[in-house]
Every structure is written in structure tokens, then in C-alpha cells.
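First comes the structure, then the notes that go with it.
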Amino acid sequence: MNPLSTWPVPEDPDGVRPPVRGRETELAFVEARLDALARGEGGIVRVEGPAGIGRTRILAEASASARRRGMRVFQGAADPDEQFVPLGLLLEGLLCGEDPLPGAARLRDLATAPGQRFWLLQELGDRLKEASRHGPLLIVLDDLQWCDDLTLLTLHTLAARLSSHAILWLVAVNGAGVPPGVRTTLERIRHAGAHELVLGALGDEAVAQITRDVLGAVPDQDVLRVARRADGVPLLLVELLGALREEEAVTIENGTAGLSARPLPPHRLPSVGRRLGQLSDAARELVQTAAAVGGPVTVARLAELLGRPSAALITAVRESLDSGLLAETGDRLAFRHDLIREAVEAGLPDSLRQALRRQAAEPPPENTTPPAGPPAPPAGEAGEDDRAEAARLRTAAAELAATAPGPAAELGLRALELTAADALGRPRVVAEAIPLLWQTGQAARARGLGASALTAGGLGPADEARIRLALARLSVQSDFSEAVRQARAGAALPGIPAALRGRLLALLCLGLSMAGEHQAAEQAVAQALENADVRADHAARATLLTADSVVRLHRMDWDGAVRQADRAAALATGLGDVHALWLPEALWRGLLSSWAGRSAEALAAAEDGVRTARNQGRAAAARLWLMYRTRALLDAGRLTEARAEGEAAAATTDEPGTGDLADVTLRYAMMRVALHTDDQQAARGYAEQARRMRGEGAPLVRDVGSWMLALMADFEGRPDRAMAALDGPAAARAGGRYGLAGPLDPADAPVLVRMALRAGAHERAARAVGAAERRAVLNPGFTFLAATAAHARGLLDNDLGHLRRAVGLFEDCPRPMARASALEDLGRKLAVTRRPEAVPHLDTALALYLRAGAERDVARVRRRLRAAGVRRRPGPAGHAGRWPELTASELRVARLVAQGLTNLQVAQRLSLSPHTVSSHLRRAFTKLDLTSRVELARLAEARDNGE
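So this is what it looks like as C-alpha cells:
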């Protein structure tokens with residue numbers, strides 16, 4: 019376990035902790051949760067409060083009580099110096115100590131191996147579930163405000179996934195200055211049902227009790243008056259009293275503690291000294307100078323006292339705030355407590371303290387008569403020092419952008435602050451700040467910054483073009499229609515530099531192609547390829563090649579699309595994300611691999627993208643890659659993993675969009691996962707999103723929304739409504755060369771044909787087959803395209819030969835769900851006249867569906883096998899009427915769990931994956947408003963008895 023990084027729990031010299039005072043209600047609450055844990059009820063308890071308030075002591079008391087009950091306890095504490103170590107806090111808590119989780123070496127290997135994050139989460143979840151079967155678990159995590167992003171995501175994901183097990187998560191966080199990512203995770207777990215325990219200041223009675231404990235005597239009113247200076251903060255109180263005792267400022271007579279006649283010396287508090295010693299020299303000097311000033315002080319005043327420009331204090335100010343010594347009060351810095359300020363000042367030599375006091379007492383320069391010299395700059399105009407400092411900050415931001423976008427964004431914003439609103443160079447500073455903000459997950463702020471600059475007016479053509487270029491780069495990640503608008507407006511401005519116009523044209527081409535404006539995109543790409551300025555700019559050329567790849571895909575030239583995507587990805591990789599106009603050039607190449615049936619290649623690209631983005635701290639890029647990996651996992655037939663990845667991607671943003679490729683891809687993938695797993699509630703939620711997508715400006719988004727609604731209607735047994743949902747997209751593409759039957763996947767061709775035939779729309783089915791066959795003929799090097807075309811033709815003609823050919827072709831394509839579908843259709847056709855031949859194909863399809871976790875498809879194939887005379891294990895009959903809340907799949911799992919089976923035993927009994935069992939059980943618990951397996955068993959008994 020890490021050394022505690024928060025204010026430590028005070029101990030007597032003999033190592034014995036004093037009793038807890040004033041926390042009876044909080045401890046009773048913790049005991050109640052431990053009682054519930056003993057009954058098999060898990061959950062999350064969040065303990066929050068400022069530094070020194072006693073969070074760590076509450077965790078220690080809870081851990082001790084759990085051990086007395088015979089529970090297994092895992093403990094970990096985050097360290098501010100290790101907050102960039104992925105899963106450091108969680109792994110330290112689970113794998114260290116006297117009784118670590120089994121397989122520690124395996125888990126550590128996964129934690130350090132590139133691209134193994136998902137498997138690490140699966141392993142952790144499985145190990146925790148297995149451990150909980152042998153008794154309740156208490157997992158204690160302290161100082162959550164310092165943990166890494168992956169630990170936050172894991173806490174949110176694992177806690178939800180393991181909610182039905184006897185596992186209690188007890189986490190503590192310093193409520194002051196919680197980073198946005200931590201706050202978002204805390205809000206999510208609160209909405210998921212986490213219990214909150216907010217620690218406030220101690221009351222007067224508790225203060226008096228602690229004073230008596232520390233001094234060993236009843237305090238008189240003078241001592242209590244001094245003790246109350248701690249404002250009920252336990253750590254400050256104990257250290258203050260300890261200082262009084264050590265300095266012999268307290269006398270004890272007849273069992274009563276009073277103050278001595280000597281004046282009270284400055285108090286040195288050990289916790290403040292330790293924290294001050296951990297600061298850098300610059301931050302320590304700043305804190306000590308602020309202590310000499312006394313009250314709240316501006317950064318500008320501290321800069322004057324230290325003889326440095328304000329911008330040079332950025333890192334020191336941030337460090338002092340993070341340490342918990344200082345806090346922001348409006349535009350000033352102030353100590354979190356007077357005792358902290360006094361302790362800092364008490365640690366200074368007398369001569370230095372007096373010198374700082376004298377210097378601080380002098381009036382600031384602006385209150386004195388300025389010496390003769392050059393006149394000050396007019397109001398609103400930056401001085402020479404500020405301009406020079408802003409230039410240095412911009413240079414530093416540019417140097418850091420490739421490796422540390424977070425600090426680079428802070429420097430860029432500081433440069434903007436130092437640049438006057440009417441300064442000639444301000445638009446360029448704004449244009450530089452926008453992509454830095456987006457890369458660090460601050461898209462809304464970046465968008466607002468650019469919009470404000472455009473609204474203010476007064477921009478020259480070149481300045482306006484730069485800002486519109488920055489906004490187009492931002493919008494191409496979230497709204498292709500807006501990217502087209504910004505790029506087109508910028509490129510139309512007169513007299514702008516040729517290189518700037520070339521980049522705007524490249525983004526215009528990309529936006530048009532990705533939005534689905536294929537004819538306009540094709541014309542724009544052809545013109546831009548002739549532009550020498552575009553050809554000479556590698557960033558613009560990479561973006562243009564991607565747009566050309568999309569155009570070629572639209573023309574059914576898959577070889578050309580892949581070739582151009584490879585060239586674009588190579589150029590973008592050489593440039594780095596900072597200089598590329600569109601970050602996901604490599605992402606587009608990965609999507610092509612996935613659509614072409616090359617799942618292993620697509621997953622490898624996704625793993626590399628996620629790893630690189632996280633290593634570089636690029637939150638927005640990581641989210642894009644998570645969305646893409648969701649789709650890759652779906653295509654690889656790993657539905658449970660796809661759902662977990664998709665939920666993680668959706669959880670990493672508070673500003674979801676519907677207008678870009680990644681968002682559209684995520685929604686499509688999650689809809690397909692919900693349909694395959696028979697998750698009707700989730701499918702309805704995605705259908706609602708699809709309705710909103712149909713109102714978007716980009717044809718791509720409208721088309722995908724329509725296709726998702728068609729899939730939902732078909733799922734509900736309404737083929738006519740499915741065809742009606744496709745009338746708009748079909749009409750828009752009538753006569754065109756866009757060959758994908760479904761907007762994002764060639765494998766949707768058989769799905770559309772099957773859907774159309776059920777609705778009696780034979781002509782539409784024939785058009786879909788014709789498009790699939792043209793695509794396959796034009797691209798003979800892509801076996802997957804030939805397989806989907808043969809499958810579609812076999813369905814349309816009800817022809818065994820084409821279906822057999824499709825099954826044979828799919829054997830060489832790692833797309834198990836598409837292969838299983840072809841096997842099922844072949845088996846269904848054979849079952850009409852050749853039942854014995856049908857069974858092996860249906861059995862293979864069943865095995866593929868089972869392995870994927872496709873519950874709806876599994877149930878359908880089992881019905882086909884029963885119709886073919888093959889006996890299968892029947893589901894629990896006669897119970898559906900008593901369990902109207904649950905689907906058939908959820909009911910099967912819930913009944914077995916209620917009988918006392920573990921998740922693993924249920925999985926073996928039903929031939930499911932353990933993850934699918936956990937997913938069904940979690941949804942069953944939610945629908946039934948249950949929190950434990952014990953409650954489920956009681957409910958089952960009551961319903962079986964007719965109660």
C-alpha cells in the first residue's frame with residue numbers, strides 16, 4: 019500500500035491512536051453498511067471532506083471493523099506523484115498487503131503490457147467476483163482526487179459490473195479542488211446509487227473531548243478558546259494542542275489545563291511542514307511570501323515581491339493550490355486556514371520573516387509616483403513585458419503540445435490573458451488555443467472562444483480565416499456540417515495566404531465527404547488535388563487524401579480507398595496529432611479494415627490508437643479511439659466487450675454529439691449489440707437517439723439514423739415500418755453509386771434483403787443485392803465483399819448454391835456474426851427438405867452466437883434446431899407470468915442465481931459467457947429494484963408461493 023498522501027492520522031508517541039470524537043453518526047453509518055455487506059449487499063460509499071477533516075481516519079476505522087468481522091480488506095491510497103501511472107491506486111490496493119488477490123503477477127503483467135487494458139479489467143472483475151464468493155470484500159481507496167483516469171474509469175465500470183456481489187467500495191476524496199474528471203466520475207457513481215458521507219467541522223463538544231484527550235486534563239475556557247481556532251478541523255486541532263504542550267504553553271493544576279502566563283509562540287504544525295517540504299523551491303518561496311503578506315493577495319503582488327513576471331508563477335501557483343496550503347478567493351490567493359499561514363511563517367528565520375513583512379508592508383508600485391521615463395501603454399494595450407511574456411508562453415505551448423497538451427493548453431490560455439483584447443496578434447493566439455483546448459477535452463470552451471472572437475468583429479481576412487480553420491478542425495470531430503460551413507466561409511475570404519486557403523479547402527473536402535455530400539466532395543477533391551499549395555502542405559495533403567479515400571469508397575473503389583487511406587495515415591503519423599488537420603486519419607484506415615472483414619488488423623489499430631492517445635494525455639482522441647474500438651469489437655463478434663467499451667466511451671464525455679463519424683459509429687455499434695443481446699430497453703434508447711439523428715444536417719448522420727430505426731422496427735416484427743424508415747435514404751441515393759446496403763457495413767446487405775423480403779419489397783431487395791454484387795465484382799481482392807454478396811443473392815433467390823458459397827467464403831473472414839448468419843440461413847433452407855444436413859450448420863451457427871454472447875440469435879437458432887428434431891435443454895417454463903419485468907434471457911439467469919448458483923455455474927449451465935450472465939443479472943437487479951442475491955432469492959420464493 020502506498021504511504022498515505024493526505025493529512026496523516028495523528029498518533030500518540032507510543033503509536034496508539036486516540037479515540038474518534040464527534041463522528042458517532044458517520045461511524046454508525048459505516049457500521050450499517052458493513053452489516054449490509056455481511057448480508058451479501060455490496061455498493062459504494064463515498065467519503066468527502068477537506069484536508070485534515072478525518073477522511074482517512076474514517077477509512078481506517080471501517081477497515082478495522084471489517085477485519086474484526088472476518089471480512090477481507092484491500093487498501094490503497096493515491097499519490098500525487100504517481101497520478102499518471104495507469105491503475106496505480108487500484109492495483110496497489112488489490113495486489114499488495116498481507117492478503118492480495120490471487121494471480122498478482124498475471125495482473126501486473128497485463129497492467130504494464132500495451133493494449134491489454136480490457137483484458138486487465140476482465141481479469142480484475144473475475145478475480146474480485148471469485149474472491150467475493152468466499153466472503154465479503156471491502157475495497158478502500160483513499161485520495162481519489164489524485165488517481166489516474168484509468169482508475170476512475172475502472173472504478174465506475176467495475177463497481178457497476180460487480181454490484182450484485184458482496185463487494186463494498188469505500189472511497190475518499192478531498193472535496194476542495196477536485197479535478198473535473200474525478201468530479202464527473204463521482205457524479206456518475208452517485209447517480210448509480212452510491213452512498214455519500216460528507217465530513218464537516220467538529221462541534222464544540224467534540225473539540226473539548228479531543229482537547230482533553232491530547233492534554234490529559236479538562237481544558238479551561240482559555241484553552242478552549244485557543245482550541246476553537248482550529249475551526250473544528252481535527253488534524254489542525256490535534257497538532258495545535260500538541261504544539262502548545264511541547265512549548266510548555268499549557269499548565270495542568272488539579273486536573274484542569276490552562277494557559278501559562280508566558281505569551282503564546284508561533285505554532286509549527288508538522289503536517290504543514292511536511293507539505294511545505296514537498297513543494298518545489300519556487301512554490302515554497304511563493305507560499306512563504308504569501309504568509310508574510312498576511313491576508314489574501316493577488317498573483318501580481320506576489321510577483322512584485324518576488325521580482326518576477328506574473329506569468330513565471332503559473333507552475334508555482336498551481337502547485338501551491340494543489341498542495342492544499344492555498345486556495346483561490348476571487349482573484350486572490352489565501353491560506354486555507356489562519357493556522358496554516360501562521361505555521362508557514364513560524365518556520366521562517368526571524369530575520370527573513372521581518373524582511374518579508376517590511377517588504378510586504380510597502381505600497382505596491384502602482385500606488386507610488388512612477389519615475390520619469392517612457393509613458394505607460396494606453397488602457398487596453400499590453401505592455402512590452404506582457405507581449406514578450408505572451409510570446410514566450412506561446413512558444414512553450416507549441417513545444418509542449420506534442421507531449422503534454424494539458425500544460426500546453428494552460429500556457430496558451432495564459433498567453434491569451436496577457437494579450438489585450440484589441441491587440442493585433444490576439445486572433446492568432448485564439449486560433450492556437452482552440453485545438454489545444456479540444457485535445458484536452460474542453461471542446462465547449464474552445465468553441466466558445468472561437469465564436470466570441472468572430473462575434474466581436476473587427477478581424478482582417480487572414481485572422482478570420484485562421485479562427486475559422488481552428489473551428490473547422492474542432493467541428494470535424496463533432497459536426498461535419500458545421501465543419502463544412504466554417505471551412506467554406508474561411509476559404510472564400512479575399513486575400514488570405516495561399517497555404518491557409520489550402521488547409522481550409524482540405525478540411526472542406528473532408529467535411530463534405532464524411533457528411534455524405536458525395537457529389538460535392540468528389541468535385542471539391544478533384545479541384546483541391548490540383549492546388550499546389552495543398553500538395554506542398556503535408557497536413558493538408560493527409561486530410562485531402564482521407565477525403566479522397568471516402569470518395570473512392572463511395573465509387574466502390576475499395577483498393578483505391580485503402581491505398582489513399584494508407585498514404586494519409588502515413589503522412590499524419592509523420593506529422594503527429596498536433597499538426598494534423600484531422601486527428602483520425604489512422605482511425606479511418608482502421609474502419610476500412612473492419613468493414614472489409616479484417617477484424618484482427620482493425621483491433622490492432624484501435625489498441626494502438628487508444629494507447630497512444632492516453633500516453634499523450636489526449637482525452638478527446640482517446641474517446642474517438644474508444645468509439646472506434648467498440649465497432650471493431652462488434653465486428654470481431656465480442657459483444658460483451660463491445661458493450662463495455664461503448665459504455666466507457668460514452669462515459670468519457672459530457673458533451674455527446676451526433677454529427678461525426680465516431681459518434682455515429684458508436685451509436686450504430688451499440689444498437690447492434692443491444693439487438694443481438696435482446697436488450698430491448700437499451701435498443702429503445704438508441705432508437706430514440708436515431709430519431710434525433712434523422713433531423714441532422716449531414717446525410718451520413720441522417721442515413722445511419724434511418725438504418726438504426728429500420729433495424730429497430732425489424733426487431734419489433736414490423737417490416738413495413740422498417741421499409742418506411744428507409745424511404746428517405748433510399749430516395750436520396752436512387753441512381754447513385756453508393757453501394758453500402760447499410761450505411762456503415764457491407765454485412766448489412768443480407769440484413770436489408772431479409773428485411774425487404776419480409777415486407778414484400780422484392781424490388782428493394784433486388785436493388786440491395788445488385789449493389790452488393792457490383793461492389794464485390796469491382797473489388798475482387800476483398801473476400802468479405804464476395805461473401806456478403808453471395809449471402810444476399812442466396813436470400814433473394816432462395817438458392818442453396820449461393821448460400822453454400824457464402825458459407826465457404828466466410829470461413830476465411832474473421833467476422834463471426836456475419837458467418838453465423840450465413841450458416842443459419844443455409845441451415846434454415848436445408849431444414850425444409852434435408853434436416854440431417856441442416857443440423858451441423860445450425861450447430862456451428864449456435865456455437866458462434868454463443869461465443870459472441872448474442873442471446874437473441876442463440877434463442878432463435880435453438881428454436882430452429884428443435885424444429886429440426888434436435889432436443890435442446892428447455893428454459894424454465896411456467897414462470898414468465900410471475901416475472902413480467904424480465905426478458906426470457908434475464909429470467910433464466912435470475913432463476914438459477916436465486917437457487918444459489920454462482921455466475922460461473924450459471925454460465926456453464928446455460929452455455930453462456932460469465933460476462934453475459936453478469937450483464938443479465940445486473941439488468942435484472944435494476945428492473946426488480948434489488949441490490950443483492952439474498953433479496954433475489956427471497957423474491958423468487960415469494961413469487962413461487964404466489965405471494
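For the sequence shown, our numbering assigns the number 19 to the initial residue and increments by one for each residue that follows. Quick reminder that beta carbons are idealized off the backbone N, C-alpha and C, glycines included.
Confirm, please, whether the CB-CB distance from residue j to residue i is below 8 Å.
i	j	result
residue 357	residue 248	yes
residue 155	residue 184	yes
residue 642	residue 605	yes
residue 520	residue 555	yes
residue 488	residue 524	no
residue 774	residue 786	yes
residue 241	residue 273	no
residue 220	residue 40	yes
residue 324	residue 304	yes
residue 261	residue 287	yes
residue 430	residue 415	yes
residue 702	residue 723	no
residue 498	residue 468	no
residue 352	residue 344	yes
Going by beta carbon distance, what residues of the same chain come within less than 6 Å of residue i, once the five residues before and after it are set aside?
i	result
residue 661	691
residue 615	802, 831, 833
residue 783	771, 774, 775, 814
residue 447	433, 434, 437
Residue i by DSSP, collapsed to three states: which one?
i	result
residue 353	strand
residue 873	helix
residue 203	helix
residue 610	helix
residue 270	strand
residue 190	strand
residue 558	helix
residue 812	helix
residue 159	strand
residue 347	strand
residue 707	helix
residue 535	coil
residue 828	helix
residue 494	coil
residue 628	helix
residue 955	helix
residue 91	strand
residue 514	coil
List the whole-angstrom C-beta distance separating residue i from residue j, where the pair is believed to meet the contact cut-off of C-beta under 8 Å.
i	j	result
residue 718	residue 513	That pair is no contact at about 34 Å.
residue 569	residue 540	5 Å
residue 329	residue 411	6 Å
residue 354	residue 342	6 Å
residue 942	residue 904	6 Å
residue 65	residue 76	6 Å
residue 318	residue 457	The pair is not a contact, with the Cβ atoms about 30 Å apart (cut-off 8 Å).
Less than 7 Å between C-beta atoms, sequence neighbours within five positions excluded: which residues of the same chain meet that for residue i?
i	result
residue 140	none
residue 255	225, 228, 245, 248
residue 759	Because residue 759 carries a pLDDT of 32, less than 50, the predicted location of this residue cannot be relied on, and no value is offered for it.
residue 377	323
residue 610	579, 580, 583
Once you ignore the five residues that flank residue i on each side, which residues in its own chain have a CB closer than 8 Å to its CB?
i	result
residue 957	916, 946, 948
residue 952	57, 58, 59
residue 263	232, 233
residue 705	689, 726, 727, 730
residue 818	812, 844, 847, 848
What are the partner residues of residue i, as DSSP defines its beta bridges?
i	result
residue 970	With the chain running from 19 to 965 in the structure shown, residue 970 is simply not present.
residue 578	In DSSP, residue 578 forms no bridge with anything.
residue 806	Answer by DSSP bridge pairing: none, since residue 806 is not bridged.
residue 316	350
residue 214	64
residue 481	Its beta-bridge partners do not exist; DSSP assigns none.
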